[in-house]
Amino acid sequence: MLLVRAVVRPEKKDDVLLELSKAGFHAATVVDVVGRGKQKGIKIGGVVYDEIPKSLIMVAVRDEDKKDVIDVILRAAKTGEKGAYGDGKIFVGPVEEAYTISSGATGL
Amino acid sequence: MKEIIAFIRMNKTGVTKKALVEVGVAGFTASKVLGRGKLVDSPETIAERKAKLMNMAVDDISEPVETEKLVTGFLDGSRLFPRRMFTILAQDDEVPKIVEAIMQANRTDNRVGDGKILVLPLLDAVRVRTGEFGETAL
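Chains as they are written, first to last, in the numbering used here: chain A, 1460 to 1567; chain B, 94 to 231.
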C-alpha cells in the first residue's frame, strides 16, 4: 500500500476530491496547511509571502493504483493548459499496514 | 521505527490519549483534519443512526429535506467530516499493542466512521535537544 500526499491549491481541493471520488478513490483526508515551494513564496510589491495556504490531501491506495491516482490529481489540480507555479506537489510513500477500527480488518 | 497514523472521532481524543498512556507511549502529535471514508453502499447500515439524528433535528428552523440530505451525507461518507489525526512514533515491537489499544478505545456500535489506522515505515529520527539519532531519539 502507498500513502499519496498531494499539496494543492485550496481552490482546487474540491475539484481534486470530486475527481478522486469519480475515479474510485473516495476515501481521503484533507488538512489545511501553509508552506512555500522552490520559488521561495511570492513577492507582491515589496512584500514576500512565504506562508502560502495550501490543502494537503492524503489518500491511501493499493500499489497498483498509484499511477491512476496520481494521474487524477495531476489533471484536477493543474491550472490552465500548461499549469502554473504554485499548483503543488505530490509525494508518495509506503504504508506497511492498515487497519479498520470498527472491524479490526487489515487492508484498505 | 514506525510511524502510526490514526484517524479517529473527535470525541474519542481523550480516551485515545488515556489508552496510549496505559500502553506506555505518551508522546503523540494530533491535529484536526477533514476526511471521508469508503462510501456506504447499503442504506440499512446507517438507517438506525440516521433515524436517531433526524429525531434530534429541530424542524422549525430547517427544511426536513435539507436536514435529511445533510444527515445522510454525514453518515454515508459522501461529504467531508472532521476527524482527529494522531501521529505516533514507535519502536517496531510496540506497534501491535499500540494499534490494538487504539482500536479498543475507538470502537463504537455505529458500524461506520470509527476510523482507520495506517502504519508507515520511518527511516530515522533526531532528538533536537541532544542531536541523537535513531531508536534512542524516540
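Virtual Cβ for every residue (Gly too), placed ideally from N, Cα, C. As the structure is a computational prediction, the values presented were derived from the model and not from experiment.
- Linking residue 1524/A to residue 1506/A through their CA atoms gives a straight-line distance of about 42 Å.
- Per the C-alpha coordinates, the member of 210/B, 178/B, 192/B and 194/B positioned closest to residue 104/B is 178/B.
- Of all alpha-carbon atoms in 1521/A, 1536/A and 1528/A, the one lying nearest the alpha-carbon of residue 1544/A is that of 1536/A.
- At least one CB of chain B lies nearer than 8 Å to the CB of residue 1554/A.
- Scanning its chain for C-beta atoms nearer than 6 Å, with the 5 sequence neighbours on each side dropped, one finds around residue 124/B the residues 178, in chain order.
- Interface criterion met: the Cβ of residue 1558/A is under 8 Å from a Cβ in chain B.
- At a cut-off of 8 Å between beta-carbon atoms, residue 126/B makes contact with chain A.
- Within the stretch 1489-1567 of chain A, the complete alpha helix (DSSP H) runs of at least 4 residues fall at 1525-1536.
- Against chain A, a Cβ distance below 7 Å from residue 200/B picks out 1560 and 1561.
- Taken through DSSP and simplified to helix, strand or coil, residue 136/B comes out as coil.
- In terms of Cα proximity to residue 128/B, the closest of 221/B, 138/B, 230/B and 168/B is 168/B.
- Taking each of 130/B, 210/B, 189/B and 106/B in turn and checking the Cα distance to residue 116/B, the smallest one comes out for 189/B.
- Residue pairing for residue 122/B: DSSP places it in a beta bridge opposite 180/B.
- Going by C-alpha positions, residue 212/B is about 5 Å away from residue 1555/A.
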